[in-house]
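Trainee: Input: one structure, supplied below.
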Amino acid sequence: MSIEDKEKPISNVQTADDNEPEESYFGYGPFRPKCLQFLNHRWCLILIVCLQVFVSGMMISAFVGVTVSSIEKRFHLRSAEVGGLPAGEEISAAVTGFIASYYAGQRHKGRFLSAGALATGIGAIVYSLPHFFAGEYQPISTASNYTDLCVAKSASFAAEVCAAESVGSNAYVRNFFFVFILGQLIMGAGNNLLWNIGCAYVSENVHPKSSAMYIAAMMTVSTLGPSIGYIAGGNILTIYINTPKSPPEGITIFDARWIGAWWILFLIAGGGLILISIPLFGFPRFLPGYKKFKRLRLEEAAETAKVDNEYGHSIKEIPKATKELITNVPYMLLVAGLIFEYIVVSGIGLFFVKILEAQFRLPAYEASSILGYIGLGGGATGMLLGGILMRVFNMNGSKATFLTMILSIIDVLAAFWLLFSCENLPFAGVNSAYPLTPTSSIPEFGKPILAATCNNDCMCKGVKFNPICGVDRVTYFSPCHAGCTSGIYNPTYLTTSYANCSCIKNVNQTTVRFDAVSGACTEPCPYLTPFAIGLTISIAAAASKIVPSTEAMLRSVPESQRAYAMGFNWVFLRLIASIPGPIIVGAFIDRSCTLWTKDCDGSSTCWVYDSRSISYHVVGTIAVIKFLGAICFFISWRYYKHDDTKRNSTEEEEKENRML
């Protein structure tokens, strides 16, 4: 058959059964005009699937994390509640993906992909609805007798502040939490179909030797999506939530009351995915060349994939199909290794913006953009490298597993590069004593002492966290805690200058008109660059593993079970890795907090982290968990190698028998 014949639409491509003809023209029902058949090609399929991967990854892996703090402040939700939102997506994905991926094995995978894109898009739009039904965001009025200066206050000042926060037209907005859960459930169901079925659909419709490159293209785009999502999210959050209206006077992006236009991100992503679902629905079940590619795959398949029981016709076959996967040792060890990998990815990924803020004293939007650029370089490079290595060395399942193991070891070593972090700056009453209070001692770790003799008469109970930087280069919890009695807002520089601060010492004995300015003290940190280099290497090594591990997994099971094997894998990743991952990492990060405050509703908020402590906890978590994953990949490779040796020995014996 010539190359031209391979590329022509085939009107009667048959399934593996050879008794079920399947139209292979691109179109919708009876509408399959010739002018649309240029789309009936693997390159068009991979392009559309990559668009779906890009938008889905950008939304779920970046937008959800970038907007967590905005949603928390706007809808008066606790951090624990907002942190539980991704669990809805993971549980939904695990439940729906398990059944859907099983049935997709013997059905039209393209239709499942289209339904997934549509569902994810609808879920994104549902996720944005609370903004439109909650009304305009109105920060607590500055005219509500609230002040954070060292002035006379009523004895019930703290209670009055809490009362002001709990009344008003926005008191009911906490109920929109359930709308967010609904949006996550829908998004999770749709996005799961993309990865469970998408890889199998692409893999079975391309040449086996090119499969790794196509999968690498998908994985590379899956890295580009979140990276660009972090950058885009950081920029969109500089737009005020009530756009096109301007923010109230005195509220800037540096103000704790500022909330960005988070909802725009989900409207754009949701609309894009709904549009992507339209061309996906038009692809045929089997693209031209499918039958030839299947024969080639069977010839090079591992021993465990030689027998194809063609599961997927009935739900009664699920126990048998599941047992076949569970008893497939190389496959299950690959799953175990990926579980350890995704514990780190899901946990660190959700908190990485927060980690960068704490370690390098960066604002949220800047930390988000930096992470996006690092992910863009390291992730894309790693994905392409994994696919190129697979292609250049023409790796089978055993070699792909070996490559995954080597890259895991490099990943573990690169994690120690992340120990770079900035020194903690002096914070009065948190990690250093009050300068003008001789009897004040350095507080114990995590046990701040904000009261001092210099602010005893200020009645600071109930004052909200509003850090200021004194001319003594020490940060104070608020103007009240620094003993400041006056403050003047400068609209030109968007800062407030404070004077007559009884706790602040003028170190240089210079004549200045102010003692402090709004915002925590900052100093240049020389370690951000080496940290970024180490993080780029770590991300590149982690991303490089995705293509070979996916290919090894696909080649370790029969063809009819590939979609189910991917779905089975994702169930484990979501339930065992993605749900507890953020909890494990979050617990370690909480242990690094040095300043907790209790809110009016009883929930606690951490404002200051110890950069060294958070660095040690993060690196220790990454290194230990990834090392366990490397061990699993090593054992899987040993089993895979044993199967290859056994298969080669059997083939040689058959060859000798034929010669005799």
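Residue numbers -5 to 654, in the numbering used here, belong to the letters of the sequence shown in order. Cβ coordinates follow ideal geometry from the N, Cα and C atoms, glycine included. Model, not experiment: these values are computed from the prediction.
DSSP three-state call for Ala476: helix, strand or coil?
Mentor: coil
Trainee: Nearest-angstrom Cα distance between Val7 and Phe566?
Mentor: Note on Val7: pLDDT 37, under 50, position unreliable in the model; the coordinate value appears next. In a straight line, the C-alpha of Val7 is about 35 Å away from that of Phe566.
Trainee: Please report the Cβ distance between Leu365 and Phe387, rounded to the nearest whole angstrom; I am assuming they are in contact, meaning their Cβ atoms lie under 8 Å.
Mentor: The pair is not a contact, with the Cβ atoms about 32 Å apart (cut-off 8 Å).
Trainee: Going by beta-carbon coordinates alone, are Lys539 and Ser402 separated by less than 9 Å?
Mentor: Going by C-beta atoms, Lys539 is nearer than 9 Å to Ser402.
Trainee: Suppose you measure from the CA of Ser605 to the CA of Ser415; what does that come to, to the nearest Å?
Mentor: Answer to the nearest angstrom: the Cα atoms are 6 Å apart.
Trainee: Below 8 Å, how does it come out for the region 511 to 529 and the region 183 to 195: are there three or more Cβ pairs, yes or no?
Mentor: no
Trainee: Within a Cβ cutoff of 6 Å, which residues of the same chain sit near Gly175, ignoring the five residues on either side of it in sequence?
Mentor: It should be pointed out that residue 175 corresponds to Ile in this sequence rather than to Gly. Here the set comprises Gly82.
Trainee: Closest by CA to Ile230, which one among Ser55, Pro313, Met213, Ala255?
Mentor: For the residues Ser55, Pro313, Met213, Ala255, the minimum Cα distance to Ile230 belongs to Ala255.
Trainee: Between which two residues does the alpha helix (DSSP H) holding Cys44 run?
Mentor: 36 to 52
Trainee: Is Leu407 helix, strand or coil by DSSP?
Mentor: helix
Trainee: For Asn484, which beta-bridge partners are listed by DSSP?
Mentor: Thr489
Trainee: Nearest-angstrom Cα distance between Thr486 and Arg585?
Mentor: Roughly 40 Å between the two C-alpha positions.
Trainee: Using a Cβ-Cβ cutoff of less than 6 Å, which residues in the same chain neighbour Gly264 once the five nearest sequence positions on both sides are dropped?
Mentor: The beta carbon of Gly264 sits closer than 6 Å to those of Gly115, Ala118, Ile119, all from its chain and outside the five residues before and after it, given in chain order.
Trainee: State buried or exposed for Tyr483, treating a residue as buried only when at least 16 other CB atoms are found within 10 Å of its CB.
Mentor: exposed
Trainee: Would you mind sorting Tyr634 into buried or exposed? The rule is 16 or more other CB atoms within 10 Å of its CB.
Mentor: Buried, by the Cβ-count rule.
Trainee: Could you pull the DSSP bridge partners for Val602 from this structure?
Mentor: Leu589
Trainee: Could you have a look at Gly456 and say whether DSSP puts it in helix, strand or coil?
Mentor: coil
Trainee: Tell me Gly254's beta-bridge partners as DSSP assigns them.
Mentor: Per DSSP, the beta bridge partners of Gly254 are Tyr234.
Trainee: Would you decide whether Trp37 is buried or exposed? Buried here means 16 or more other CB atoms lie within 10 Å of its CB.
Mentor: exposed
Trainee: If you count every other CB in all the chains shown that lies within 10 Å of the CB of Thr353, and 16 or more means buried, which is it?
Mentor: Reading the sequence as shown, one finds Gln at residue 353 and not Thr. Per the 10 Å Cβ criterion, buried.
Trainee: So within the region 173 to 237, which uninterrupted alpha helix (DSSP H) runs reach at least 4 residues, ignoring any that extend past its ends?
Mentor: Correct list: 202 to 230.
Trainee: With C-beta atoms as the reference, is Pro429 less than 9 Å away from Cys497?
Mentor: yes
Trainee: Just reading off the beta strand (DSSP E) that Ile368 is part of, what are its end residues?
Mentor: From DSSP, Ile368 is part of no beta strand (DSSP E) but of the alpha helix (DSSP H) over 358 to 386.
Trainee: Look at the alpha carbon of Met377 and the alpha carbon of Ala537, and state the distance between them as a whole number of angstroms.
Mentor: 5 Å
Trainee: Going straight from the alpha carbon of Phe172 to that of Pro442, what length do you get?
Mentor: 36 Å
Trainee: Ordered along the chain, which non-local residues of its own chain (more than five positions away) have a Cβ less than 7 Å from that of Arg168?
Mentor: Phe69, His70, Leu71
Trainee: Cβ atoms of Phe334 and Ala571: under 9 Å apart, would you say?
Mentor: yes
Trainee: Is it the case that the Cβ atoms of Ala330 and Gly623 are separated by a distance below 9 Å?
Mentor: yes
Trainee: Under the three-state reduction of DSSP, which class applies to Ser240: helix, strand or coil?
Mentor: Collapsing the DSSP output to three states places Ser240 in coil.
Trainee: Distance, Cα to Cα, Phe621 vs Leu407?
Mentor: 9 Å
Trainee: If distances are taken between C-alpha atoms only, which option among Lys317, Leu274, Thr395 comes closest to Ile625?
Mentor: Selected option, being the one with the closest Cα: Thr395.
Trainee: Would you kindly work out how many angstroms separate the C-alpha atoms of Glu16 and Ile247, rounded to a whole number?
Mentor: Bear in mind that the predicted position of Glu16 carries a pLDDT of just 45, short of 50, making it unreliable; the figure below should be weighed with that in mind. Between Glu16 and Ile247, the C-alpha separation is close to 57 Å.
Trainee: Our contact map puts Ser86 next to Gly343 with C-beta atoms below 8 Å; I'd like the distance itself, whole angstroms only.
Mentor: So it is not a contact: roughly 19 Å between Cβ atoms.
Trainee: Excluding sequence positions up to five away, which residues of its chain have a Cβ less than 7 Å from the Cβ of Gly440?
Mentor: Cys587, Thr588
Trainee: Quick one: what does DSSP say Asn651 is sitting in, helix, strand or coil?
Mentor: Confidence at Asn651 is low in this model, with a pLDDT of 49, below 50, so its placement is unreliable and the value that follows should be read with caution. Asn651: helix per DSSP, three-state reduction.
Trainee: What is the DSSP secondary structure of Ser538, counted as helix, strand or coil?
Mentor: Here Ser538 sits in helix by DSSP.
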